[in-house]
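**Student:** Encoded as structure tokens, here's the structure I'll be asking about.
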Ligand SMILES: Cc1cc2nc3c(=O)[nH]c(=O)nc-3n(C[C@H](O)[C@H](O)[C@H](O)COP(=O)(O)OP(=O)(O)OC[C@H]3O[C@@H](n4cnc5c(N)ncnc54)[C@H](O)[C@@H]3O)c2cc1C
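Numbering (my numbering), first residue to last: 67 to 464.
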């Protein structure tokens, strides 16, 4: 039976990076994946350009039952370290918005970089491999694969979350955690579009494709200022994706469709200057015309001139446009979610090494654990940082 210092299951962002770092430091590493290609989510990410990190990484941008858990790893392997590696591979990048860094060319460059780093670390990679069972005894971990078995002193689970089953996502990591007695917190889809109840969806259907700047606020007070996109299923766009991670079924969200406008002031000014101007045309100065027309048809915007609009109606209109209360029906679920909230309880793991506190040599890295970042490169940075922390420990215990 072939022996390795470490077997890493999952050749995604975290698994590849961990394999490369441990291999380069001298560990004999086997990297296993069930897919036919490594890094499939990386290839899909950032619209094919991979938003590989963010200039403003901070622990506050991560959701976890233990918000302190991510601090150590993020501080020890930072966005600057990863940017440095990207630079060494000659990958050109740009900041798109809010510190989000994307490849100029293609996400394939990040996968190629990770493959090259794994080759430099002499990592053995086995794709299209199923793990049939894992056993642990005084000799370490015995991993039965379809074909043969391998043995390793250390086992790293980097199988990610449940989002996008079409890209190879499985609950494997949670099952292994449970097999070894680790608690797994309930999981749910995050960074995912909202679906709407049928009557509202039918009313807003015509707006499919319309995007507006917005501030969206959850019932717990968390809010995001980014764009909102009306879709044929409901609401999407960065603001909605961000907020979905903070939303619980049944809750309302408050939407400000005019976050940069003092609507009261605008209406008063326009009324003084053009009293016979229609309310519809006035609002079309600051909102997409299709949205104004739709809201007028729904009776949310009165069909009148500015001089006819009295104070009570004006206040109601401001409420409608700047504190629109929407109760999502649900989310689109794991099928389109970018991430999975919850997962392996971080209380079970060392924040310095990602090793299970009570199971020597068993590590969890990346999205499989209960650490979920905001949209914008935060999730990949968690993959890099947690993988790096693990790799340092793998090397020190060899
Ligand atoms: C469409 C999309 C776009 C995204 N865009 C971005 C972005 O631009 N920026 C960002 O920061 N984050 C983005 N994310 C989130 C990011 O991709 C994940 O957070 C990140 O990939 C997690 O890394 P990971 O290594 O933990 O898991 P993954 O990258 O999901 O890798 C897990 C690997 O494990 C393998 N695997 C699973 N089960 C088994 C099994 N039983 N046996 C063997 N192998 C198995 C899978 O095939 C996969 O290769 C995006 C996600 C999606 C779905």
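Every residue, glycine too, gets a C-beta built ideally from N, C-alpha and C.
What are the boundary residues of the alpha helix (DSSP H) that includes residue 306?
**Tutor:** 304-310
**Student:** Helix, strand or coil: how does DSSP classify residue 181 here?
**Tutor:** Note: residue 181 maps to helix in three-state DSSP.
**Student:** Under 8 Å: do the region 130-140 and the region 111-118 share three or more Cβ pairs, one atom per stretch?
**Tutor:** no
**Student:** For residue 233, count neighbouring C-beta atoms within 10 Å of its own C-beta (all shown protein chains included) and say buried if the count is 16 or more, exposed if not.
**Tutor:** Residue 233 should be labelled exposed.
**Student:** In terms of alpha-carbon separation, which member of 153, 195, 245 lies closest to residue 210?
**Tutor:** 195
**Student:** Would you mind working out which of 457, 198, 259, 185 sits nearest residue 300, comparing C-alpha positions?
**Tutor:** 259
**Student:** Closest Cβ-Cβ distance between residue 358 and chain B: below 8 Å?
**Tutor:** Among the chains in the structure shown there is no chain B, since it carries only a single protein chain.
**Student:** One question on the structure: do residue 190 and residue 319 come within less than 8 Å of each other, judged by their Cβ atoms?
**Tutor:** no
**Student:** Please confirm whether residue 311 and residue 407 have their CB atoms less than 8 Å apart.
**Tutor:** yes
**Student:** Figure out for me which residue from 426, 460, 343, 437 has the closest Cα to the Cα of residue 247.
**Tutor:** 426
**Student:** Using the three-state DSSP reduction, which class does residue 342 fall into: helix, strand or coil?
**Tutor:** coil
**Student:** Mind checking whether the beta-carbon of residue 80 lies closer than 7 Å to any heavy atom of ligand 1?
**Tutor:** yes
**Student:** Looking at C-alpha atoms only, which residue of 340, 219, 224 is the closest neighbour of residue 69?
**Tutor:** 219
**Student:** Quick one: what does DSSP say residue 391 is sitting in, helix, strand or coil?
**Tutor:** Strand at residue 391.
**Student:** Following a CB-centred definition, is residue 204 positioned closer than 7 Å to any heavy atom of ligand 1?
**Tutor:** no
**Student:** Distance check for residue 292 and residue 455, CA to CA, integer angstroms please.
**Tutor:** 32 Å
**Student:** By how many angstroms is the C-alpha of residue 139 removed from the C-alpha of residue 417?
**Tutor:** 7 Å
**Student:** May I ask you to check if the CB of residue 224 is nearer than 7 Å to at least one heavy atom of ligand 1?
**Tutor:** yes
**Student:** Just to confirm my understanding: we take residue 362, look at its own chain, exclude 5 residues before and 5 after, and list those with CB closer than 7 Å. What are they?
**Tutor:** 346, 369
**Student:** Specify, as a first and last residue, the run of the alpha helix (DSSP H) that residue 279 falls within.
**Tutor:** Taken as a continuous stretch (DSSP letters only), residue 279 belongs to no alpha helix (DSSP H), being part of the beta strand (DSSP E) at 277-283.
**Student:** Since residue 225 and residue 215 should fall inside the 8 Å C-beta cutoff, what is the C-beta to C-beta distance between them, to a whole number of angstroms?
**Tutor:** Not a contact, Cβ separation roughly 19 Å.
**Student:** Would you check whether ligand 1 has a heavy atom nearer than 7 Å to the C-beta of residue 236?
**Tutor:** yes
**Student:** What is the rounded straight-line gap between the Cα of residue 243 and the Cα of residue 250?
**Tutor:** The straight-line gap from Cα to Cα measures roughly 7 Å.
**Student:** Could you check which residue in 88, 229, 80 has the C-alpha nearest to that of residue 459?
**Tutor:** 88
**Student:** Measure the alpha-carbon distance for residue 263 versus residue 213 and round it to whole angstroms.
**Tutor:** Distance between the alpha carbons of residue 263 and residue 213 is about 49 Å.
**Student:** Please return the same chain residues whose Cβ sits closer than 7 Å to the Cβ of residue 161, not counting the five positions on each side in sequence.
**Tutor:** Its chain contains 121, 167 as the residues whose beta carbon lies nearer than 7 Å to that of residue 161, once the 5 sequence neighbours on both sides are disregarded; these appear in chain order.
**Student:** What are the uninterrupted segments assigned as alpha helix (DSSP H) that are 4 or more residues long and contained completely in the region 386-464, given in chain order?
**Tutor:** 444-463
**Student:** Cβ of residue 434 versus every heavy atom of ligand 1: is any distance shorter than 7 Å?
**Tutor:** Result yes, Cβ under 7 Å from ligand 1.
**Student:** Tell me whether residue 106, by its Cβ, gets closer than 7 Å to a heavy atom of ligand 1.
**Tutor:** yes
**Student:** Using a threshold of 7 Å, is the CB atom of residue 111 nearer than that to any non-hydrogen atom of ligand 1?
**Tutor:** Under cutoff, so the answer is yes.
**Student:** Assign residue 79 to one of two classes, buried (16 or more other C-beta atoms within 10 Å of its C-beta) or exposed (fewer than that).
**Tutor:** buried
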